[in-house]
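Protein chains in written order, with our numbering: chain A, 12 to 232; chain B, 20 to 347.
Think of the CB as a built atom: it goes at the ideal place given N, C-alpha and C, for glycine as much as any other residue.
The structure under discussion appears below in the form of structure tokens.
Here it is as structure tokens:
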């Protein structure tokens with residue numbers, strides 16, 4: 012499973028927009044504040060680039076719990092914010108007939124009793140607790156997972172993992188790019204050397220880049 | 020989590036590693052695979068499950084002592100550390116090739132010879148057992164015990180013969196196991212078996228492992244995000260994000276034209292889907308036509324770092340607003 016290119020592009024767009032919006036007070040922030048601002052931008056960008064999924068809604072709801080984030084979110088998301096935060100149809104209660112529920116419970120309990128009788132050791136109970144514990148842990152990890160069913164929880168977790176991978180990937184690339192630019196700015200080396208260092212850092216993408224650069228007129232400033 | 024369909028692959032594969040039930044139903048296939056693959060002793064490492072199984076091993080052996088199901092107990096006991104004595108005289112250690120040859124011949128479950136003697140399952144069982152014995156008794160060669168992917172199917176088969184009476188179910192089980200030759204088996208519990216404690220326990224433990232894996236992965240990814248954001252924050256003081264962003268979004272088309280400066284449409288992170296050649300870069304810099312090259316990352320930025328930003332920000336602020344409109 013791959014994150015699509017359009018998702019990555021939208022992600023980057025929102026991320027940079029978020030950086031720009033939150034960058035007004037960058038000089039005055041401490042490291043921790045900057046880090047949380049960056050993380051907030053990244054999470055919001057990821058959620059808004061993904062569109063409308065259970066975990067994106069959960070994530071945005073969680074982020075908007077704090078008041079100072081809310082205005083930020085509104086700026087980035089615009090109209091989507093209202094659409095994403097209103098409760099979705101997934102939280103509707105499935106209308107259940109009491110009679111049917113009672114009957115099925117009786118059947119289930121009878122079946123369980125019949126099968127439990129011959130075995131003295133409740134190994135199935137132990138096994139079941141293992142799964143339950145892990146399900147609860149996963150519910151806590153995936154945003155908005157508390158209200159999800161077993162299957163949809165896994166589905167959302169899968170989607171969330173793909174988006175997280177794309178997020179990590181993107182941030183790593185951003186980081187290498189920024190660090191490269193920082194290094195070059197500080198060192199004031201010549202153009203070919205900069206190209207060489209850049210090539211070393213990011214592999215094939217940089218090769219493409221240097222090829223393009225060679226066809227261009229020299230950069231003058 | 021009722022039906023096991025979606026967990027089939029995971030549980031089938033992971034559960035199988037923990038049990039060493041030999042299922043010689045498909046000797047021919049296994050022999051062929053044996054010729055290619057090495058014959059490995061299956062790992063006795065499925066701690067939790069063999070513990071679960073070992074707890075009831077005595078009962079299982081008791082149950083399985085009824086003729087027609089001794090094979091499951093044999094391998095289960097072989098894997099358990101207690102090393103129970105087998106009614107059929109097999110050694111508790113993992114059998115060698117010779118041992119397997121013996122077993123192949125003497126499987127009470129699948130050998131037609133024993134079926135008349137066995138009175139447990141009655142009429143329908145001899146033809147049922149005759150079916151697999153045709154396939155397995157003909158080449159009495161050593162077979163690998165662990166064909167992990169096929170285990171769940173055969174184990175289900177065995178369990179049915181062990182625990183359940185009705186012939187109808189066994190027939191369907193047999194047809195099912197003979198029918199599927201897939202590389203992996205969907206562990207589909209049938210009627211009356213979904214709540215059978217052994218298969219249930221095995222399925223649940225497999226599910227627990229898969230969930231564990233997912234949880235670890237999600238946690239590691241989240242930690243990575245935290246760490247990366249901290250590093251970005253550390254790199255930040257030297258990079259003014261406000262100016263940087265507007266500079267990026269401007270794409271520098273008009274700027275380049277006015278300054279005679281060549282911005283390279285960089286794709287340092289390969290986001291853009293069209294790898295435009297160097298000569299076509301001028302056209303790339305006109306963003307409104309192509310949405311794919313939305314992010315032009317100026318090479319000048321990398322060269323000259325922050326010195327450009329003030330310039331870029333001042334000139335590109337009006338462009339920025341236009342740009343965002345076209346992009347969005």
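Let me confirm a value: residue 217 of chain B is counted as buried when at least 16 other C-beta atoms fall within 10 Å, else exposed. Which label applies?
Sequence index remark: in the second chain, residue 217 of chain B carries index 198 (1-based). Residue 217 of chain B should be labelled buried.
Does residue 70 of chain A have its Cβ less than 7 Å from a Cβ in chain B?
Residue mapping note: residue 70 of chain A aligns to position 59 of the first chain, counting from 1. Output row for residue 70 of chain A: interface = no.
Kindly indicate if chain B contains any beta-carbon less than 7 Å away from that of residue 240 of chain A.
Residue numbering for chain A in the displayed model covers 12 to 232; residue 240 of chain A lies beyond these limits and cannot be assessed.
Which full runs of the alpha helix (DSSP H) of 4+ residues lie inside the segment 13–73 of chain A, going along the chain?
16–33 and 42–61
I'd like to know whether the C-beta of residue 136 of chain A is nearer than 7 Å to at least one C-beta of chain B.
Your numbering for residue 136 of chain A matches position 125 in the first chain. Not closer than 7 Å to any Cβ of chain B, the Cβ of residue 136 of chain A fails to qualify, so no.
State the Cα-Cα distance for the pair residue 179 of chain A and residue 26 of chain A, rounded to the nearest angstrom.
Indexing the first chain from 1 puts residue 179 of chain A at position 168. Indexing the first chain from 1 puts residue 26 of chain A at position 15. Cα-Cα distance, rounded: 13 Å.
Which residue comes first and which comes last in the alpha helix (DSSP H) that contains residue 161 of chain A?
The residue labelled residue 161 of chain A in the question sits at position 150 within the first chain. Start and end: 161–198.
Among A:181, A:71, A:157 and A:114, which has the Cα closest to the Cα of residue 24 of chain A?
By 1-based counting over the first chain, the position of residue 24 of chain A is 13. Cα-wise, what sits closest to residue 24 of chain A is A:181.
Count the other CB atoms, across all protein chains shown, that sit within 10 Å of the CB of residue 113 of chain A; report buried if there are 16 or more and exposed otherwise.
As a working mapping, residue 113 of chain A is identified with position 102 in the first chain. Exposed is the call here.
The alpha helix (DSSP H) spanning residue 231 of chain B covers which residue range?
Within the second chain, the letter at position 212 stands for residue 231 of chain B. From DSSP, the alpha helix (DSSP H) with residue 231 of chain B extends over 216–254.
Neighbourhood of residue 21 of chain B by C-beta distance below 7 Å, restricted to the same chain and skipping five residues each side:
Along the second chain, one-based indexing puts residue 21 of chain B at 2. Low confidence applies here, because residue 21 of chain B scores a pLDDT of 44, under 50, leaving its location unreliable and the question unanswered by this model.
Please name the residue, chosen from A:22, A:142 and A:108, that lies closest to residue 226 of chain B on a Cα-to-Cα basis.
The residue labelled residue 226 of chain B in the question sits at position 207 within the second chain. Cα-wise, what sits closest to residue 226 of chain B is A:142.
With a cut-off of 8 Å on the beta carbons, I'd call residue 152 of chain A and residue 238 of chain B a contact; round off their distance for me.
In the first chain, counting from the first residue as 1, residue 152 of chain A sits at position 141. In the second chain, counting from the first residue as 1, residue 238 of chain B sits at position 219. Going by Cβ atoms, the distance from residue 152 of chain A to residue 238 of chain B rounds to 7 Å, so yes, they are a contact pair.
Helix or strand or just coil, what does DSSP make of residue 138 of chain A?
Taking the first chain and counting its residues from 1, one reaches residue 138 of chain A at position 127. In the displayed model, residue 138 of chain A falls within a helix according to three-state DSSP.
Can you pull the chain A residues whose beta carbon is under 8 Å from the beta carbon of residue 235 of chain B, in chain order?
On the second chain, residue 235 of chain B is found 216 positions in, with the first residue counted as 1. Per Cβ cutoff of 8 Å: no residues; residue 235 of chain B is ~10 Å from chain A at best.
Could you compute how far the alpha carbon of residue 251 of chain B sits from the alpha carbon of residue 43 of chain A?
Working through the second chain from its first residue, we reach residue 251 of chain B at position 232. Working through the first chain from its first residue, we reach residue 43 of chain A at position 32. Cα-Cα distance, rounded: 11 Å.
Within the 7 Å Cβ cut-off, does residue 252 of chain B reach chain A?
Counting from one through the second chain, the residue named residue 252 of chain B turns up at place 233. Yes, residue 252 of chain B lies at the interface with chain A (some Cβ there is under 7 Å from its Cβ).
Assigned secondary structure, residue 122 of chain A (DSSP; H/G/I helix, E/B strand, else coil):
Residue mapping note: residue 122 of chain A aligns to position 111 of the first chain, counting from 1. Note: residue 122 of chain A maps to helix in three-state DSSP.
Could you pull out every residue in the same chain whose Cβ sits closer than 8 Å to the Cβ of residue 166 of chain A, ignoring the five residues on either side in sequence?
Within the first chain, numbered from 1, the residue matching residue 166 of chain A stands at position 155. Cβ contact annotation for residue 166 of chain A (same chain, cutoff 8 Å, sequence separation greater than five): none.
Length of the line joining the Cα atoms of residue 147 of chain A and residue 154 of chain A
Counting from one through the first chain, the residue named residue 147 of chain A turns up at place 136. Counting from one through the first chain, the residue named residue 154 of chain A turns up at place 143. Going from the Cα of residue 147 of chain A to the Cα of residue 154 of chain A covers about 12 Å.
If you measure from the beta carbon of residue 248 of chain B to each beta carbon in chain A, is any gap under 7 Å?
By one-based count along the second chain, residue 248 of chain B stands at place 229. Chain A, which has a Cβ nearer than 7 Å to the Cβ of residue 248 of chain B, makes this yes.
Nearest to residue 234 of chain B (by Cα), restricted to the options A:80, A:52, A:144 and A:119
By 1-based counting over the second chain, the position of residue 234 of chain B is 215. Out of A:80, A:52, A:144 and A:119, A:144 has the C-alpha closest to the C-alpha of residue 234 of chain B.
Nearest-angstrom Cα distance between residue 61 of chain A and residue 67 of chain A?
For the purposes of this step, residue 61 of chain A is identified with residue 50 of the first chain, where counting begins at 1. For the purposes of this step, residue 67 of chain A is identified with residue 56 of the first chain, where counting begins at 1. Near 7 Å, if we compare the C-alpha coordinates of residue 67 of chain A and residue 61 of chain A.
Can you tell which of A:149, A:184 and A:197 has its C-alpha closest to the C-alpha of residue 228 of chain B?
Mapped onto the second chain, residue 228 of chain B falls at position 209. Per the Cα distances, A:149.
So for residue 115 of chain A, helix, strand or coil by DSSP?
Numbered from its first residue, the first chain carries residue 115 of chain A at position 104. Residue state, collapsed to three classes: helix.
List, in chain order, every chain B residue whose beta-carbon is nearer than 7 Å to that of residue 146 of chain A.
Residue 146 of chain A sits at position 135 when you count from the first residue of the first chain. Residues of chain B passing the Cβ test: 230.
If the cut is a Cβ gap below 8 Å, which residues of chain B does residue 83 of chain A touch?
Here the question's residue 83 of chain A lines up with position 72 in the first chain. Taking a Cβ-Cβ cut-off of 8 Å, residue 83 of chain A has no neighbours in chain B, whose nearest Cβ is about 14 Å from it.
Between the segment 164–186 of chain A and chain B, which residues of the former have a C-beta closer than 9 Å to a C-beta of the latter?
165, 168, 169, 171, 172, 175, 176, 178, 179, 180, 181, 182, 183, 184, 185 and 186
Within 7 Å, strictly: CB atoms of residue 49 of chain A and residue 248 of chain B
The sequence position of residue 49 of chain A within the first chain is 38, counting from 1. The sequence position of residue 248 of chain B within the second chain is 229, counting from 1. Yes, Cβ-Cβ distance for residue 49 of chain A and residue 248 of chain B is below 7 Å.
For residue 220 of chain B, which option in A:176, A:163 and A:139 has the closest C-alpha, if you only look at C-alpha atoms?
Residue mapping note: residue 220 of chain B aligns to position 201 of the second chain, counting from 1. Closest by alpha carbon: A:139.
Pop quiz: residue 240 of chain B and residue 176 of chain A are said to be a contact at Cβ under 8 Å. What is the actual Cβ separation, rounded to whole angstroms?
Within the second chain, the letter at position 221 stands for residue 240 of chain B. Within the first chain, the letter at position 165 stands for residue 176 of chain A. Rounded, the Cβ-Cβ distance is 6 Å, consistent with contact.
Taking just the CA atoms, how far does residue 246 of chain B sit from residue 190 of chain A?
Translated into positions along the first chain, residue 190 of chain A becomes position 179. Translated into positions along the second chain, residue 246 of chain B becomes position 227. Straight-line Cα distance between these residues: approximately 15 Å.
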